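Novice: Protein chains in written order, with this note's numbering: chain A, 3 to 116; chain B, 269 to 378. For reference, the structure I am asking about is given below.
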């Protein structure tokens, strides 16, 4: 597709359940990023993937959060045992390697934990 | 990466120029200034970036002071669709981690 695609666009889940969020980057973009944005707040960096290199997981807030990426394609962000404070918009972005101006963001997944 | 300081909010009239300032007094010689914006309910969008020379593209102009300690993003003829949060970010060309601060919330008034 022409842009970064994220699914689902909205997700409501019960506290304690696991959720999986998906990101389809732009074809050819080797770098992929996940960010979290709580209501009224700025973007928080979560994790970065670049090709076959080890991902930068320094932004993951707890061990309940994990992410995977298959090669240079789809990525999934998994949140286990969701808590209410996990409620946020989760944004994915992709780019060519080291092209900071080439970040393209998806529209995000709005996660609500009830 | 150097930190930036931006006003919390600004407003301007539709059709007028919007000038958004950013202070980055601790910027290093190899750090670029990037501007992104986030329109409500959308992901951030790249606007422009520069090192030390002024830059212009179809969206905006970027004016960087000679000492590089501050810059101004200029939207020459603001429209209602330019209402958004504008983020000023500094990082090296080899960095990959965009760190978003609080940004400036720009309101364009009819």
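For every residue, glycine included, the Cβ atom is placed at its ideal position computed from N, Cα and C. All figures in this text were calculated on a predicted structure; none of them were measured in a lab.
#1: List the DSSP bridge partners of residue 88(A).
#2: Based on DSSP bridge pairs, tell me the residues matched to residue 52(A).
#3: In three-state terms, what does DSSP make of residue 66(A)?
#4: Please check if any C-beta of chain B sits within less than 8 Å of the C-beta of residue 4(A).
#5: So which residues of chain A does residue 367(B) contact, with C-beta pairs closer than 7 Å?
#6: Note down, one range per segment and in chain order, each beta strand (DSSP E) of at least 3 residues found wholly within the region 296-327 of chain B.
#7: Indicate whether at least one CB of chain B lies closer than 8 Å to the CB of residue 56(A).
#8: Would residue 277(B) pass as an interface residue toward chain A - the criterion being a Cβ-Cβ separation below 8 Å?
#9: Taking the alpha carbon of residue 322(B) as the point to measure from, which residue in 369(B), 331(B) and 310(B) has its own alpha carbon closest?
#10: Excluding sequence positions up to five away, which residues of its chain have a Cβ less than 8 Å from the Cβ of residue 377(B)?
#11: I want to know whether the region 86-99 of chain A touches the region 337-347 of chain B - three or more CB-CB distances under 8 Å.
#12: Where do the N-terminal and C-terminal ends of the beta strand (DSSP E) with residue 21(A) fall, by residue?
#13: Residue 344(B) versus chain A: which residues are under 8 Å apart at the beta carbon?
#14: If residue 319(B) sits next to residue 300(B), beta carbons under 8 Å apart, how far is it from one beta carbon to the other, in whole angstroms?
#15: Since residue 107(A) sits in a beta bridge, which residues does DSSP pair it with?
#16: Quick check on residue 373(B): does DSSP put it in helix, strand or coil?
#17: For residue 288(B), write down the residues that DSSP places opposite it in a beta bridge.
#18: On the criterion of 16 or more Cβ atoms from any shown chain inside 10 Å, does residue 348(B) qualify as buried, or is it exposed?
#19: Looking at C-beta atoms only, is the number of pairs between the region 303-310 of chain B and the region 353-364 of chain B that lie closer than 8 Å three or more?
#20: Between residue 90(A) and chain B, is there a C-beta pair that is closer than 8 Å?
#21: Should residue 311(B) be flagged as near chain A, meaning a C-beta pair shorter than 8 Å?
#22: Please decide whether residue 69(A) counts as near chain B, where near means a Cβ-Cβ distance under 8 Å.
#23: For the beta strand (DSSP E) containing residue 13(A), list its first residue and its last residue.
Specialist: The structure says:
#1: Looking at the DSSP assignment, residue 88(A) forms no beta bridge with any residue, so it has no partner.
#2: 33(A)
#3: coil
#4: no
#5: 47
#6: 299-306 and 313-318
#7: no
#8: no
#9: 331(B)
#10: 279, 280, 281 and 282
#11: no
#12: 21-26
#13: Within chain A, no residue comes near residue 344(B); the closest Cβ sits about 20 Å away, beyond 8 Å.
#14: 5 Å
#15: 95(A)
#16: strand
#17: 341(B)
#18: exposed
#19: yes
#20: no
#21: yes
#22: no
#23: 12-15
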